[in-house]
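In full-length UniProt numbering, the protein residues as written are 1 to 185.
C-beta: ideal position from N, C-alpha, C; glycine also.
Written out below as structure tokens is the structure these notes cover.
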């Protein structure tokens, strides 16, 4: 459960930094690829997230609480706001370095999911790792146009998310990857 929260918060922050430096192509139907529970978590966060002067996402927790957003989403919101506060207090480089240490190797999954991979001659460990490998083959970097690559990745992730509870490492990683790359289609 804690891993899932960490992954959701970190991918939300990383998404915000990436969105501030490149054009973002939104697909309003992207959450329709997910099961209702996973989509609801992301939609709840979207509905109460604002961007501050630095372009960082800040969750209005008062409004979130008044709206009756569930505890799981509220916990992610509190963590997200703490990270943003750390960025504002200590600077982006320091906060991102802290997040990278928190994310890796926890944020890596299998042989292909996460930063880099374990070599092209290594077999994927499962369907999620295989989806990441296929994404690695076409992904050109966050500053490039990867819309078709990312759409294909989201399509591969959707059934994985639906088959795996979001409280598992695999389910949490798949949902976090979906959240990150859905901002770039």
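| Query | Result |
| --- | --- |
| Between the alpha carbons of residue 24 and residue 121, how many angstroms are there, rounded? | In this prediction, residue 24 scores a pLDDT of 39, lower than 50, which makes its location untrustworthy; the coordinate-derived value is nonetheless stated afterwards. Each residue's alpha carbon lies about 33 Å from the other. |
| What is the DSSP secondary structure of residue 100, reduced to helix, strand or coil? | Interpretation of residue 100 is limited by its pLDDT of 45, a score under 50 that renders its predicted location unreliable; the figure taken from the coordinates is listed afterwards. Three-state DSSP puts residue 100 in a helix. |
| My understanding is that residue 109 touches residue 124, with C-beta atoms under 8 Å, so please give their C-beta distance in whole angstroms. | Rounded, the Cβ-Cβ distance is 10 Å, inconsistent with contact. |
| Which residue from 66, 77, 146, 159 puts its Cα closest to that of residue 57? | 77 |
| Under the DSSP definition of a beta bridge, which residues are partnered with residue 109? | 113 |
| If you count every other CB in all the chains shown that lies within 10 Å of the CB of residue 165, and 16 or more means buried, which is it? | exposed |
| Looking at C-alpha atoms only, which residue of 131, 33, 68, 185 is the closest neighbour of residue 144? | 185 |
| Give the secondary structure of residue 51 by DSSP, where H, G and I count as helix, E and B as strand, and everything else as coil. | strand |
| Compare the C-alpha of residue 136 against each of 169, 177, 168, 171 and name the closest. | 177 |
| Would you say residue 41 and residue 73 are within 8 Å of each other, going by their C-beta atoms? | yes |
| Which of helix, strand or coil does DSSP assign to residue 159? | helix |
| Rounded to whole angstroms, what is the Cα-Cα separation between residue 43 and residue 118? | 34 Å |
| Enumerate, from N- to C-terminal direction, the unbroken alpha helix (DSSP H) stretches of 4 or more residues contained entirely within the region 56–81. | 61–67 |
| Under three-state DSSP, which class holds residue 30? | helix |
| Could you please give the first and the last residue of the uninterrupted alpha helix (DSSP H) stretch that includes residue 130? | 127–138 |
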